[in-house]
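Going by this note's numbering, the first residue of the sequence shown is number 133, and it counts up by one from there. Beta carbons are placed, not taken as given, at the ideal position from N, Cα and C, and that holds for glycine.
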Amino acid sequence: MTTKDIINDKLNKLEQSLLNQDHLNNPIEFLTQLASLSKYFHLMSDEDRDYIHCAKTALEDQIEWHI
């Protein structure tokens, strides 16, 4: 498994957590997911970094996630 595959897998899990509203229901577990992505931040695209910033904002401001 390549680093890119690992990043994509973690981002997909983060997306699923957001859709499940885990950032509202399980904020500690969600924060752990964000932390596990942080070590790959420098390898991510700008789009992926923006997505993580939005996820952090949703957690911090307790905003429901809708697509």
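Over the uninterrupted alpha helix (DSSP H) stretch that includes residue i, give me the two end residues.
| i | result |
| --- | --- |
| residue 140 | 135-151 |
| residue 95 | This structure does not reach residue 95, given that the chain is present from 133 up to 199, and the question cannot be answered. |
| residue 188 | 178-193 |
Would you tell me roughly how many angstroms separate the C-alpha atoms of residue i and residue j, rounded to the nearest one?
| i | j | result |
| --- | --- | --- |
| residue 186 | residue 153 | 14 Å |
| residue 151 | residue 198 | 7 Å |
| residue 165 | residue 133 | 19 Å |
| residue 170 | residue 139 | 10 Å |
| residue 149 | residue 155 | 7 Å |
| residue 184 | residue 162 | 12 Å |
Under 8 Å by Cβ, that's how I've got residue i and residue j pegged, so tell me the actual separation to the nearest angstrom.
| i | j | result |
| --- | --- | --- |
| residue 168 | residue 142 | 6 Å |
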